[in-house]
Amino acid sequence: MNSHVFCTLVALLLSATLQPAFAQSRQTLKQLDELDRKCEAARDAVLPGIREQLIAECILPPPTRRVRARTLEECEHYWNDFGVMQRQRAALDLPECQEAFQARQQHRSR
55 MNSHVFCTLV ALLLSATLQP AFAQSRQTLK QLDELDRKCE AARDAVLPGI
105 REQLIAECIL PPPTRRVRAR TLEECEHYWN DFGVMQRQRA ALDLPECQEA
155 FQARQQHRSR
């Protein structure tokens with residue numbers, strides 16, 4: 055019985071001491087998630103312009119006759135999903151994404 059009481063007291067003491075750390079950790083994670091959402095919104099704002107530019111370059115006349123010219127529909131179909139798989143690389147230089155990346159790196163190094 056005595057060891058049971060001791061274990062209970064130790065558990066209560068640990069939970070009281072660690073509670074602020076867990077709360078701070080949850081708050082930090084919420085802040086990191088918010089930075090990620092801002093990065094995602096910035097990417098979503100930039101990607102359509104990148105797609106339009108890639109489509110415009112795609113429909114330009116080919117440099118040689120041996121290459122077939124592409125139609126607007128072909129180019130739109132080809133570049134329609136740009137940014138879905140390349141999201142990380144498509145927005146590396148956005149300030150919002152750099153801030154989110156640096157915050158995650160700092161959080162991991164603690």
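Heads up: the sequence shown runs through residues 55 to 164, numbered per the working numbering. Positions of the beta carbon are idealized from the N, C-alpha and C atoms, including for glycine.
Around the beta carbon of Ala110, fewer than 16 other beta carbons sit within 10 angstroms, so the residue counts as exposed.
In this structure Ala99 is exposed. Its beta-carbon is surrounded by fewer than 16 other beta-carbon atoms within 10 angstroms. With respect to the 8 Å criterion, Ala157 and Leu86 are classified as neighbours on the basis of their beta carbons.
Per DSSP, reduced to three states, the secondary structure at Leu114 is coil, with no helix or strand assignment.
The alpha-carbon separation between Glu130 and Arg105 amounts to approximately 8 Å. According to the DSSP assignment, Phe136 belongs to no alpha helix (DSSP H), since it is labelled neither H nor E. Boundaries of the alpha helix (DSSP H) harbouring Ala154: Pro149 to Arg162, taken from the DSSP string. Residues of the same chain with a CB within less than 8 Å of the CB of Arg122, apart from the 5 flanking positions on each side, are Pro116 in chain order. Between Ala154 and Leu83, the C-beta spacing is not below 8 Å.
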